[in-house]
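In our numbering, the protein residues as written are 1415 to 1493. Note that the Cβ used here is the ideal one computed from N, Cα and C, for glycine as well.
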């Protein structure tokens, strides 16, 4: 949550530490501002899920477009 609202990307280093420390599912929150932020999250951390709010509520990133973007990079998404 250190990056909440900044739209400069998730705190990937912190998320990797959390992922290594626990055996329960981890959902990242805070920092997403562009499509690559989501791809970096899933490609580099082993995180189970990612959430965002302002980029969706503002229409900056349409959810269907993000899902296509991630699928095109072989990142599993729910339909």
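Three-state secondary structure assigned by DSSP to residue 1446: Three-state result, residue 1446: coil.
If you draw a straight line from the C-alpha of residue 1426 to the C-alpha of residue 1467, how long is it? Using only the alpha carbons, I get a separation of about 18 Å.
Would residue 1487 and residue 1457 qualify as a contact pair, given that the criterion is a beta-carbon distance under 9 Å? Cβ distance < 9 Å, so residue 1487 and residue 1457 count as in contact.
Indicate whether residue 1441 and residue 1462 have their beta-carbon atoms separated by less than 9 Å. Their beta carbons are under 9 Å apart, which means residue 1441 touches residue 1462 by this criterion.
Measuring straight from C-alpha to C-alpha, what distance separates residue 1478 and residue 1470? Distance between the alpha carbons of residue 1478 and residue 1470 is about 10 Å.
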